[in-house]
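Report on the structure given below.
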Amino acid sequence: MKAKKIINLLKKKKLKISFAESCTGGMLSSTITSVSGASKIFKLGLITYSNESKNTILKVPKKIIKKFGAVSIQCCLSMVNNLTKISKSDVAVSITGIAGPKGGTKSKPVGLVFIGIKKASKVSVYKCFFKNKGRSYIQKATVRKSLDLILRVIK
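Residue numbers (this note's numbering): 1139 to 1293.
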């Protein structure tokens, strides 16, 4: 199980992790905290689903959301950088995307997701596209991809 692997690796390295989730609605936090031992490494989980919460809680500037949209590299980057400041975690992960079934456009279709990961001063934002096989599928696929990326970053 990837979540257990992540927990063990973070414990071994004495690192703490935090998440700011939008389209996954806390599913990543739930996946990690469902494993015994998560309390040793899990610091904070935020669900910043609305644009307002991205702005008021994560301090994503309104101008970023207005210019680029909530589902953008720029928003995801701001989310992960500000999550690091708020949580004081060693590793921070942000997720923003369109899980559907509605809300997609030609330039930002349903299934478009951005995953941001920050460890120390290294920040990466990954653009992912998951097939539109339904909301639940996209959310679960996003969590699986996030776990893979977290493992890659913390190794």
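Glycine included, every Cβ here is placed at the ideal spot set by N, Cα and C.
Everything numeric in this text was worked out from a predicted model, so none of it was measured.
Of the residues Lys1143, Thr1171 and Lys1150, which one's Cα is nearest the Cα of Gly1183?
Walking along the sequence shown from the start, residue 1183 turns up at place 45. Of the candidates Lys1143, Thr1171 and Lys1150, the one whose C-alpha sits nearest the C-alpha of Gly1183 is Thr1171.
Roughly how many angstroms lie between the CA atoms of Asn1193 and Gly1254, to the nearest whole one?
The residue labelled residue 1193 in the question sits at position 55 within the sequence shown. The residue labelled residue 1254 in the question sits at position 116 within the sequence shown. Going from the Cα of Asn1193 to the Cα of Gly1254 covers about 17 Å.
For Ala1158, tell me which candidate among Phe1206, Thr1234 and Ser1177 has the shortest Cα-Cα distance.
Residue 1158 sits at position 20 when you count from the first residue of the sequence shown. Comparing Cα-Cα distances from Ala1158 to each of Phe1206, Thr1234 and Ser1177, the minimum goes to Thr1234.
Would Phe1267 be called buried (16 or more neighbouring beta carbons within 10 Å of its own) or exposed?
Taking the sequence shown and counting its residues from 1, the one referred to as residue 1267 is at position 129. When all chains shown are included, Phe1267 counts as exposed.
Can you give the Cα-Cα distance for Ile1144 and Lys1201, rounded to whole angstroms?
Looking up residue 1144 in the sequence shown gives position 6. Looking up residue 1201 in the sequence shown gives position 63. Going from the Cα of Ile1144 to the Cα of Lys1201 covers about 35 Å.
Could you compute how far the alpha carbon of Ser1168 sits from the alpha carbon of Gln1212?
Walking along the sequence shown from the start, residue 1168 turns up at place 30. Walking along the sequence shown from the start, residue 1212 turns up at place 74. Cα to Cα, Ser1168 sits roughly 26 Å from Gln1212.
For Cys1266, does the three-state DSSP call read helix, strand or coil?
Along the sequence shown, one-based indexing puts residue 1266 at 128. Cys1266 falls in the strand class under three-state DSSP.
Go ahead and label Gly1249 buried or exposed: buried means 16 or more other beta carbons lie within 10 angstroms of its beta carbon, across all protein chains shown.
What you label residue 1249 is simply residue 111 of the sequence shown in a count that begins at 1. Label assigned to Gly1249: buried.
Based on the DSSP secondary-structure assignment, which residues constitute the bridge partners of Thr1234?
Along the sequence shown, one-based indexing puts residue 1234 at 96. Looking at the DSSP assignment, Thr1234 forms a beta bridge with Phe1252.
With a Cβ-Cβ cutoff of 8 Å, do Asn1270 and Gly1238 count as a contact?
Within the sequence shown, the letter at position 132 stands for residue 1270. Within the sequence shown, the letter at position 100 stands for residue 1238. Yes, the pair counts as a contact, with Cβ atoms nearer than the cut-off.
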